[in-house]
Amino acid sequence: MNSKRPAIALALTLAAMSLALSSAAAAAAEKGDWIARAAATTMDPETDSDTLNGISRSGLRFDSDSASASIAIARMITQHFAVELAATLPFSAELDGNDRLQSLGIPHLADTDILPVTLGAQYHVATGSAWHPYVGVGATYVRFADEKDRANGIRVDLQDATGPSAQLGVDIGLSDRWLLNVDARYVDVDTTAKLRGMIDQDVDVTFTPWLFSVGVGYVF
């Protein structure tokens with residue numbers, strides 16, 4: 317995990333808030349409106365896994381320093397409730413051995429692309445100002461694609477997975493249609509890393525990333 321990511325996300329959030337303070341616009345989506353958002357997104361890929369057979373204290377973890385782009389479309393069902401479909405372009409990530417495996421010379425097992433897609437429901441808080449916070453819950457499908465083996469004698473196949481997600485964000489009105497968006501999403505999925513070759517085992521992996529986004533939106 318890169319410990320700088322939450323700090324970066326906080327800095328971006330504060331920058332977004334500072335920008336919004338200079339605007340008196342108070343665009344608010346109403347019942348029947350659509351909201352389209354596009355954002356820059358970073359991922360903090362927290363991981364836990366089972367122990368590998370015969371190797372005490374061993375485990376697997378994901379690591380990623382890449383950023384990506386995300387898009388989302390939401391429909392306001394009522395003044396407060398919305399449904400949203402959100403997708404992120406692939407993150408480039410590594411499946412690595414933990415410190416125990418690295419000490420045994422198995423640091424880097426595979427490269428993979430990670431593509432999360434979420435369908436969820438949101439509750440939007442009416443504030444009467446340019447600030448429109450919301451919370452959301454949903455289900456996220458995570459696709460692992462284009463795995464490339466990196467450890468000699470070990471083949472890796474990561475299984476796609478689906479799990480719950482939670483969301484916290486704010487839309488900040490810039491005009492009667494345009495808005496600034498800051499969003500954090502937590503995802504909890506269980507996948508399986510199928511290792512074959514020198515290590516022959518199906519390893520259960522709990523993947524719980526945070527996705528931090530800053531972008532713009534349009535109400536129509």
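All the letters of the sequence shown, read from the start, carry residue numbers 317 to 536 under this note's numbering.
All C-beta atoms in this analysis are idealised placements derived from N, C-alpha and C, irrespective of residue type, glycine included.
Please read these numbers as outputs of a predicted model, since none were measured by experiment.
**Report entry** At least three beta-carbon pairs within less than 8 Å, the segment 427-434 to the segment 402-410
**Finding:** yes
- Item | Length of the line joining the Cα atoms of R501 and V451 | 10 Å
Is the separation between the beta-carbon of M392 and that of A398 shorter than 7 Å? yes
Q. What distance in whole Å lies between the Cβ atoms of L420 and V472, which are believed to be in contact at a cut-off of 8 Å?
A. In fact, because the Cβ distance is near 17 Å, the residues do not count as touching under 8 Å.
- For A446 and S339, the rounded distance between their alpha carbons: Unreliable positioning characterises S339 in this predicted model, as indicated by a pLDDT of 47, which lies under 50. The coordinate reading is nonetheless provided below. Going from the Cα of S339 to the Cα of A446 covers about 8 Å.
inquiry  = I'd like to know whether the C-beta atoms of K347 and T394 end up nearer to each other than 7 Å.
reply    = yes
*asked:* What does the Cβ neighbour count give for L484, buried or exposed, with the cut at 16 atoms within 10 Å?
replied: exposed
In chain order, what residues of the same chain have a beta carbon less than 6 Å from the beta carbon of A461, not counting five sequence neighbours either side? D429
### Message
Just to confirm the assignment, what range does the beta strand (DSSP E) spanning D429 have?
### Response
424-440
Keeping to the same chain, check which residues put their C-beta closer than 6 Å to that of Q475; ignore five residues upstream and five downstream. T507, T508
Item to complete: Tell me where the beta strand (DSSP E) around D415 begins and ends.
Response: Taken as a continuous stretch (DSSP letters only), D415 belongs to no beta strand (DSSP E), being part of the alpha helix (DSSP H) at 415-419.
(request) Could you give the DSSP three-state label for D516: helix, strand or coil? (result) coil
Q) Within this structure, are the beta carbons of Y439 and H396 separated by less than 7 Å? A) yes
- Distance between I488 and F536 (C-alpha atoms, nearest Å): 16 Å
For R493, which residues of its own chain have a beta-carbon under 8 Å away from its beta-carbon, when the five flanking residues on both sides are left out? A343, Y534, V535, F536
**Report entry** Other residues of its chain near I470: CB distance less than 7 Å, five sequence neighbours each side excluded
**Finding:** L425, L511, G513, M514, I515
_Beta-carbon proximity list for D349, same chain, < 6 Å, skipping 5 on both sides_ = M392, V535
State the CB to CB distance for the pair L376 and G413, rounded to an integer number of angstroms; the pair is presumed to be in contact (CB under 8 Å). 7 Å
### Unbroken beta strand (DSSP E) run spanning H448, endpoints
447-465
Query raised in the report: What is the DSSP secondary structure of D492, counted as helix, strand or coil?
Result: coil
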